[in-house]
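Reviewing the structure listed below.
Numbering (this note's numbering), first residue to last: 1387 to 1587.
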């Protein structure tokens, strides 16, 4: 949470979050380029002065906040499974919910659209994606370690590298799905990555 948000009252933080969620809903419905600040104000029933009080940087600052919201949603949609990778059945449930999430989303990815609009190489955009991938990676690695403690995954497997490989496979599969609509690459990446964690034999 940045310093500006920390200084807000509880009511102020709630209002700011309501604006972000309203903007996210508007962007999902209209797309980034077609969504104006007036659209956001109308949906959230906020005045122009309120909007710029919480987002003095205007639309660019609001879009970055919405990108953070959408990044958080990527992980939230995988819960409680992502934080409970404690059995092979749990890993399968996580795999299924990831596939279902992207099947439901289809080729319309709000986070990708936002990143394109903000600029993927800007410090703010890079920080959002880095935080998302770091948390996602760490949750998978925790699951690998938990299974190693149960002696269900070989001790020789490096949890961090295994998590990185799985996450890279997911991102590659999602990129292909966004480009072609074909979900089978994502399914193959998840199935092969999880299978590689099992003991040989």
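The C-beta atom is built at its ideal place from N, Cα and C for all residues, glycine as well.
These numbers were taken from a predicted model, which means no experiment stands behind them.
For residue 1529, the CB contacts under 6 Å within the same chain, skipping 5 residues up- and downstream, are 1471 in chain order.
Just so you know, the alpha carbons of residue 1566 and residue 1537 end up roughly 39 Å apart.
According to the DSSP assignment, residue 1490 belongs to the alpha helix (DSSP H) that extends over 1474-1491.
For residue 1528, the enclosing alpha helix (DSSP H) covers residues 1509-1535.
Within the same chain, and ignoring the five residues on either side of residue 1551 in sequence, the residues whose Cβ sits closer than 7 Å to its Cβ are 1579.
Assigned with DSSP and collapsed to three states, residue 1418 falls in coil, not helix or strand. With fewer than 16 other Cβ atoms inside 10 Å of its own Cβ, residue 1420 counts as exposed. In this structure, DSSP gives residue 1496 a helical state, which the three-state scheme calls helix.
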